[in-house]
Amino acid sequence: MAKPRSSLISLSDTPYYHCIARCVRRSYLCGYDKTTKKSFEHRKVWLVERIQKLAAIFTIDVAAFAVMSNHYHLVLRVDTDAADTLNPDEVLSRWHTLCQPKPIVARYLQAKQQGNTLTESELMVMNDCVHDYRQRLTSISWFMRFLNEFIARQANSEDKCKGHFWEGRFKSQALLDDVAVLACMAYVDLNPIRAKMADTPENSDFTSIQQRLGILPKALETDNHQNKDNHQKLKTQNDSLTAIAPAQLLPFVKANNESIPNFKRCNSHIPFSLIDYLELVDWTGRQIRQDKRGFIAPNTPSIIQRLGLTDEDWLTFSTGIESQFSHSVGQRFQLQTYAKNHQLKRVKGLRQ
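Counting in full-length UniProt numbering, the sequence shown runs from 1 upward without gaps.
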């Protein structure tokens, strides 16, 4: 039986989560449909732009992403501290870029412009609204709702059809420690390579690792004018976030930063250096691909040594994020603690 989302996302356990959403039946999120001879590559731009805009509104950072033909992956970090520092007007401003204000909020905004004040009872209702909106700005469920609903509407409008575009609820996995975070990020960034859509991370279009390297996806260079016109037309009709500046990816620490803070207390960056992560992804990718002519480098990446893992442990862990784990990803102690806190009788992944 499916678990309620509130029991799977617990910010007291971890701020990091891996989210996956898949299309229903054989609908194409992106890619090329050989049956209908249609290309949906331009939809990758929709998705990436929407993710960046929502990350700028919500207090949720994007650590990694990958857009595939019929699904996409996100590694998100919820920043509750940032939400707590927002004043009521900032909370309302962020939320109303997504939704129309309630009548009580509209009266509050109008009264503020005119230099008037609301009654005590109206202010109590207003404070409740601000409290709810502040909580929603840290909600992965609301983030995914505004992302998936928008993409579904655009895709259905382009396909001139109605009905479900996504197969159901998005899947979420709690990343309970820094090993799980790095393994999941590498797993997400290497998705195009495992699917043989790319041969190197830097050539993996519409992935976070390519964006971190500052490389423009080839799909943007070869996108035809018709797709661009359709994209701009639908964007003008449906996108209410045009004026929002896109958020950047959650950064890594600088390479010369020797201190590695606990990832739960790391508010502004991923507590590892980018160069170590790039070496880790490249090394892991070489092991995953059976048809690649590379070989294991004699020097194991320094990040592996810091985490105290062997080559075999890391490969087993990083290649089975979805298949070997269920609601949470982590090492044995973290998995058992998480299961106990959320009354989960069966814990998938303990053997790994």
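Where is the CB? At the ideal position from N, CA and C, for every residue including glycine.
Where the alpha helix (DSSP H) through D178 begins and ends: Within the sequence shown, the letter at position 178 stands for residue 178. Segment D178 to D189, the alpha helix (DSSP H) holding D178.
Three-state secondary structure (DSSP) of residue 360: Nothing can be reported for residue 360: it is not among the residues displayed for the chain, which extend from 1 to 352.
Residue closest to P15, alpha-carbon to alpha-carbon, out of I51, H269 and D89: Taking the sequence shown and counting its residues from 1, the one referred to as residue 15 is at position 15. Of I51, H269 and D89, the smallest CA-CA separation from P15 is found for H269.
Enclosing beta strand (DSSP E) for P88 [first to last residue]: Mapped onto the sequence shown, residue 88 falls at position 88. Per DSSP, P88 lies in no beta strand (DSSP E); the unbroken alpha helix (DSSP H) holding it starts and ends at P88 to W95.
Extent of the continuous beta strand (DSSP E) run through A63: Here residue 63 is taken as the residue at index 63 of the sequence shown, counted from 1. Unbroken beta strand (DSSP E) run through A63: I60 to V67.
Sequence-distant residues of its chain with Cβ nearer than 8 Å to V125 (five each side left out): Here the question's residue 125 lines up with position 125 in the sequence shown. Closer than 8 Å at Cβ, skipping near neighbours: I104.
I321 beta carbon less than 8 Å from that of C184: As a position in the sequence shown, residue 184 is number 184, starting the count at 1. As a position in the sequence shown, residue 321 is number 321, starting the count at 1. Closer than 8 Å, so yes.
Rounded distance between the beta-carbons of I51 and L147, thought under 8 Å: Stepping through the sequence shown from its first residue, residue 147 is reached at position 147. Stepping through the sequence shown from its first residue, residue 51 is reached at position 51. Here L147 really is in contact with I51; their C-beta atoms are around 7 Å apart, less than 8 Å.
Through-space distance from L213 to K38, alpha-carbon basis: Translated into positions along the sequence shown, residue 38 becomes position 38. Translated into positions along the sequence shown, residue 213 becomes position 213. For K38 and L213, the distance between alpha carbons rounds to 30 Å.
DSSP-derived helix/strand/coil call for D33: Within the sequence shown, residue 33 is the residue found at index 33, counting from 1. Strand.
Cβ-based burial, R94 [other Cβ within 10 Å; buried from 16]: Here residue 94 refers to the residue found at position 94 of the sequence shown. With 16 or more Cβ atoms within 10 Å of its Cβ, R94 is classed as buried.
Where T80 falls: helix, strand or coil (DSSP): Walking along the sequence shown from the start, residue 80 turns up at place 80. Reduced to three states, the DSSP call for T80 is helix.
Contact between the stretch 107-118 and the stretch 66-76 (3+ Cβ pairs under 8 Å): By the Cβ rule, the stretch 107-118 does not count as touching the stretch 66-76, because fewer than three pairs are nearer than 8 Å.
Proximity winner among V67, Y133, F40 and A247, relative to A155 (alpha-carbon distances): The count along the sequence shown starts at 1 and reaches residue 155 at position 155. Selected option, being the one with the closest Cα: F40.
Given V281 as reference, the closest of Q210, Q331 and P271 once Cα atoms are compared: As a first step, residue 281 must be located in the sequence shown, where it is residue number 281. Comparing Cα positions, the closest option is Q210.
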